[in-house]
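What follows is one structure encoded as structure tokens, with my remarks underneath.
Chains as they are written, first to last, in the working numbering: chain A, 506 to 619; chain B, 13 to 123.
What follows is the structure in structure tokens.
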């Protein structure tokens with residue numbers, strides 16, 4: 506693995522509660538991404554970061570916020586979890602798509618909202 | 013909407029046969045990448061092809077890119093049961109930041 510760790514790996518939470526997922530890297534990659542994966546939808550980009558405190562929205566950002574206060578950590582927060590946010594969440598890191606380098610993925614976090 | 017779309021959604025073949033998967037995308041790109049995902053695991057990078065390249069090989073993998081048609085194909089030759097996985101294409105949409113994936117092709121290689 507490329508030094509990328511997601512925590513927790515599994516979480517069950519109740520509707521309406523806030524949830525924070527953490528992505529930690531030891532590779533000093535500039536770009537970090539959060540995806541969700543659902544059957545029939547593949548991977549959909551939630552938010553991404555191109556540097557410390559530099560983040561932007563992906564295609565399914567509603568209901569999610571992110572923060573990146575240091576290079577190695579990228580946090581994904583569900584402000585008030587809903588059942589539609591039950592999914593598997595993947596973090597990825599990269600030196601940059603245009604730079605022609607691959608993205609490395611974490612092992613995923615399985616989140617269940619009940 | 014997602015940038016890349018793979019076709020077919022599912023493919024089942026016998027061991028030893030070749031598997032071909034296609035990817036179509038919508039906007040200009042700098043490069044296109046293919047990834048593999050074993051069930052329940054994170055994605056693993058397979059191969060990258062730049063927009064000025066037409067074909068690239070890596071072991072049993074052959075990737076083609078047609079920027080005029082905004083499409084790419086991934087060929088796995090002499091498939092093995094261990095190739096059973098989902099395969100995704102990813103594009104950068106011309107940016108350095110966004111890396112967007114398609115819905116994937118589920119490949120099953122029967123022994």
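For each residue, glycine too, the CB sits at the ideal point set by N, CA and C. Because the structure is a prediction, the values reported are computed rather than measured.
Distances from the CA of residue 35 of chain B to each of B/119, B/103, B/123 were compared; the closest alpha carbon is that of B/103. Across the structure, residue 97 of chain B and residue 119 of chain B are spaced so that their CA atoms are roughly 5 Å apart. In the DSSP assignment, the residues bridged to residue 18 of chain B are B/35. For residue 577 of chain A, no Cβ of chain B is located within less than 8 Å of the residue's own Cβ.
Taking all protein chains in view, the Cβ of residue 31 of chain B is crowded by 16 or more other Cβ atoms within 10 Å, so the residue is classified as buried. Sixteen is the threshold: since fewer than 16 other Cβ atoms of the shown chains lie within 10 Å of the Cβ of residue 515 of chain A, the residue is exposed.
Closest by C-alpha distance to residue 87 of chain B, out of B/100, B/122, B/51, B/110, is B/100.
Residue 93 of chain B sits in a helix when the DSSP states are folded into three classes. Counting the other CB atoms within 10 Å of its CB gives residue 22 of chain B a total below 16, which places it among the exposed residues. Counting every other CB atom within 10 Å of its CB across the protein chains shown gives residue 90 of chain B a total below 16, marking it as exposed. With contacts defined by Cβ atoms closer than 8 Å, residue 109 of chain B and residue 561 of chain A form a contacting pair. Interface criterion not met: the Cβ of residue 82 of chain B is under 8 Å from no Cβ in chain A. Counting only residues of its own chain and dropping the five nearest sequence neighbours on each side, residue 50 of chain B has a CB closer than 7 Å to the CB of 97. Taking 3 residues as the minimum length, the beta strand (DSSP E) runs contained wholly in the stretch 563-614 of chain A are 569-575, 578-583, 592-599, in order along the chain. Within its own chain, the residues whose Cβ lies closer than 7 Å to the Cβ of residue 583 of chain A, once the five positions on either side in sequence are excluded, are 523, 524, 568, 569, 590, listed in chain order. Annotated three-state conformation of residue 81 of chain B is coil, per DSSP.
Look at the stretch 68-93 of chain B: it has no residue with a C-beta under 7 Å from a C-beta of chain A. Those residues of the stretch 53-64 of chain B placed with their C-beta closer than 8 Å to a C-beta in chain A are 53, 54, 55, 56, 57, 60, 62, ordered along the chain. Residue 581 of chain A and residue 610 of chain A have their alpha carbons spaced roughly 15 Å apart. Proximity to residue 115 of chain B across A/520, A/578, A/614, A/550 peaks at A/550, based on C-alpha coordinates.
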